[in-house]
Amino acid sequence: QADPCYAGPFFRDVENDVKESEDEFSADDSHRNEGIIFFNEKFQLVDSEYKEGSEYILSHFIKQGSYGEVHGARDAQTGFEFAAKKIALKRFSSEEVGAWSALRSPRVVELFGVIRDGPCVVLLMDQKSGSLGQLIMKRGRLPEDLSLHYVSQVLTALEYLVKNKVAHLDIKADNVLLSEDGKDTFLCDFGHAEKLDSQGQSLRGLKDLKGTETHMAPEIVKGEPRGAKADVWSSCCMLLHMLNGCEPWTRYYTCRLYLKIANDPPPVREIPPDCSPLTAEVLKAGLQKDPVKRSSASQMKNKTDRALKEVGGFTSPVKGPYAEPLYVTSKSMQLPYSSDGSENGELHPESADKVTTAERKARRLNLGNENETGSRESKQGLLFGPQVLISEPNQKWGNKVTTLPELELRKLERDFYLSSLSQLHSAEMQEQLLSCINSDILNWEPLDKKDSGRWSLSPADDFSSGFFSYNSQSDAQVLSTDLLGQTPFRPPWCFQGVDVCIRDFSRRSIRIREKRRVKVGHIATGISDQISERVFTLETLQGRQIAHNEEVLESGLELRCVPAPDFSSAWRWRIRDRVLETR
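In terms of UniProt numbering, the sequence shown opens at residue 1 and continues consecutively.
This is the structure in structure tokens:
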């Protein structure tokens with residue numbers, strides 16, 4: 001046992017040793033047990049060792065964290081229960097230990113010690129009853145006062161991190177743990193953490209992507225210098241997640257979000273229309289795209305506390321009935337904010353004219369959609385329908401209006417494919433280009449008349465799962481519209497496939513279309529970037545295991561994602577970091 005200050009340097013040496021001898025991992029290394037436990041009598045070492053299965057016992061799987069799996073654990077002698085995060089040596093970064101071991105805050109999960117146990121590094125930490133992410137799954141939208149209460153405590157933790165020159169870089173609801181009564185929060189999982197210089201900027205020269213895509217700050221996506229302000233952006237994304245019941249960006253886009261985050265205005269249009277003005281100001285202050293203009297954690301804490309006071313303080317119960325996530329409706333749609341993310345959100349005059357025209361046209365077309373006779377005008381209005389392609393079970397969707405920048409982006413994409421058609425291509429490539437144009441049209445249909453899915457905009461893509469879907473019709477016929485002549489024609493060969501529905505860990509249904517005889521393992525690999533956990537396998541809704549090489553011969557297959565941790569013997573194959581593994 002030793003002081004926490006030694007943990008960082010000690011495991012930096014361990015990390016360097018592993019890198020130097022990566023190809024020479026011996027049998028002796030598999031039994032190696034060394035590390036530091038921070039003066040805690042609840043952990044009883046035997047002969048200066050603390051090994052899994054003898055000194056401590058894993059009890060149950062908790063979650064998949066960044067770079068490692070978290071399990072419940074118990075000391076064999078004292079019976080003390082804690083959480084153990086197991087990280088493979090090849091994936092281990094000493095920066096997590098160096099940053100976390102130096103922190104002592106009531107708003108940060110306590111780290112008890114770090115040990116190297118054979119091929120893994122194990123972080124011993126305080127165990128909590130659940131996470132904020134789990135609460136959102138149970139309750140959907142959280143009350144405004146409860147959301148502000150939670151984000152205020154997280155900002156307190158961020159203030160402390162800034163003083164200790166640490167950036168977390170993965171602030172999200174899943175990394176905020178809750179006390180037994182659900183009133184207190186604790187920041188956890190420092191797998192992406194980085195040390196900061198005196199100016200609050202990262203000391204690392206690498207500009208790799210870190211964090212969760214929906215919560216990434218623009219400077220991280222663009223590879224620019226990053227620091228403590230990136231956590232402020234992420235905390236506001238987490239606040240939007242609590243207020244809306246779904247993560248930011250996901251209601252508008254189903255593609256990868258990096259370019260959207262880098263180039264589009266901040267997601268202030270997702271601020272709920274019923275939240276207080278001060279809460280809206282909190283979000284606008286923290287969602288400034290320019291880190292220099294973005295408020296600091298201390299400034300955000302003050303703004304959040306004022307907003308909480310305005311709504312009457314923290315009065316709502318932690319437990320309560322489920323509130324449906326706030327999906328985009330015409331009432332909640334706001335005018336686009338300026339591209340620099342300014343707080344006033346003023347529009348340029350020409351932009352205001354265009355949006356007003358687009359809104360009038362969309363409103364007229366939506367009225368046409370309400371006509372039960374299904375007139376030709378209402379069908380043409382489908383071009384202005386929603387683009388959310390991932391649906392919640394039994395969720396009713398309202399009419400939505402797509403904003404002008406997205407329409408312009410769609411037009412540019414269509415123009416690209418149309419211009420490509422004028423070039424010399426093989427017949428197969430021309431057919432794929434046509435299918436991409438058709439997919440662009442079909443994506444605008446209302447969600448109550450089409451299945452969820454995801455389209456690829458690249459003609460070079462094959463049938464990789466999660467990137468291809470189609471418009472389901474009761475008569476199994478699909479009519480497309482020729483953009484040049486507005487005339488219907490038969491769908492290309494790529495519409496002829498099988499439909500598969502996969503249920504994510506968060507209970508959302510991902511519907512895809514694949515070529516016939518596709519293998520289940522291929523489907524799982526293709527959708528892995530849409531699944532919230534890094535490690536998973538698939539089974540039927542009835543709990544039956546399904547082989548990775550089983551072929552899908554007909555539509556209607558329904559599967560669900562289930563955890564596949566290392567210690568479990570239940571799985572025969574799994575996806576880990578988008579790679580298929582078997583045993």
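Virtual Cβ for every residue (Gly too), placed ideally from N, Cα, C.
Going by DSSP, what residues sit across from residue i in a beta bridge?
i, result
"Asp499", "Arg513"
"Trp573", "Thr582"
"Asp75", "Tyr56"
"Leu538", "Cys561"
"Glu81", "Arg74"
"Leu177", "Ser131, Phe186"
"Gln323", "According to the sequence displayed, residue 323 carries Ala and not Gln. DSSP, once it has assigned bridges, lists Gly140 as partnering Ala323."
"Gln201", "Gly227"
"Glu194", "Ala167"
"Gly113", "Ile37, Leu124"
"Glu49", "Val46"
What separation, rounded to the nearest whole angstrom, lies between the Cα atoms of residue i and residue j?
i, j, result
"Pro336", "Trp249", "Legend: pLDDT at Pro336 = 37, less than 50; position of this residue unreliable, no value from coordinates given."
"Phe92", "Ile271", "38 angstroms"
"Ser234", "Leu283", "11 angstroms"
"Ala217", "Gly79", "42 angstroms"
"residue 585", "Leu278", "This structure leaves residue 585 out entirely; the chain is present only between 1 and 583."
"Met137", "Lys42", "34 angstroms"
"Ile441", "Arg511", "Any reading at Ile441 must be qualified, since the residue scores a pLDDT of 40, below 50, and its modelled position is unreliable; the value itself is stated next. Cα to Cα, Ile441 sits roughly 18 angstroms from Arg511."
"Phe536", "Asp231", "28 angstroms"
"Leu557", "Leu142", "34 angstroms"
"Gln77", "Gln44", "7 angstroms"
"Asp529", "Asp47", "44 angstroms"
"Arg576", "Pro265", "33 angstroms"
"Ile87", "Glu310", "44 angstroms"
"Ser59", "Asp174", "21 angstroms"
"residue 618", "Lys85", "Any answer about residue 618 is impossible in this case: the structure gives the chain only from 1 up to 583."
"Ala157", "Leu111", "15 angstroms"
"Asn244", "Leu326", "5 angstroms"
"Pro267", "Lys195", "28 angstroms"
"His71", "Gly526", "28 angstroms"
"Leu257", "Glu219", "14 angstroms"
"Pro565", "Phe61", "7 angstroms"
"Val552", "Gly543", "18 angstroms"
"Glu428", "Lys515", "Low local confidence applies: a pLDDT of 48 at Glu428 is under 50, so the model's placement there is unreliable, with the coordinate-based value given in what follows. Rounded to whole angstroms, Glu428 to Lys515 spans 16 angstroms at the Cα level."
"Ala83", "Val97", "15 angstroms"
"Gln153", "Leu178", "11 angstroms"
"Arg139", "Lys183", "15 angstroms"
"Ser273", "Leu240", "Checking the sequence, you will find Pro at residue 273 rather than Ser. Taking the straight line joining both Cα atoms gives about 12 angstroms."
Which of the three DSSP states is assigned to residue i in this structure?
i, result
"Cys120", "strand"
"Gly521", "helix"
"Glu310", "helix"
"Ser528", "helix"
"Ile546", "coil"
"Val292", "coil"
"Leu158", "helix"
"Asn164", "coil"
"Asn302", "helix"
"Glu34", "strand"
"Val552", "strand"
"Asp566", "coil"
"Val97", "helix"
"Lys86", "strand"
"Leu108", "Here residue 108 turns out to be Val, not Leu, going by the sequence shown. Three-state result, Val108: strand."
"Lys172", "coil"
"Ser330", "Bear in mind that the predicted position of Ser330 carries a pLDDT of just 39, short of 50, making it unreliable; the figure below should be weighed with that in mind. Here Ser330 sits in coil by DSSP."
"Arg507", "coil"
"Ser147", "helix"
"Ser316", "coil"
"Arg91", "helix"
"Ala102", "coil"
"Leu287", "coil"
Pick out the complete alpha helix (DSSP H) segments inside the region 203-281, 4 residues or longer, and give them in chain order.
-> 218-221, 229-244, 258-263
Pair every Cβ in the region 101-121 with every Cβ in the region 31-46, then say whether three or more of these pairs are closer than 8 angstroms.
-> yes
Are the region 240-254 and the region 305-316 in contact at 8 angstroms, needing three or more beta carbon pairs?
-> no
So, do the region 120-127 and the region 211-226 have three or more beta carbon pairs nearer to each other than 8 angstroms?
-> no
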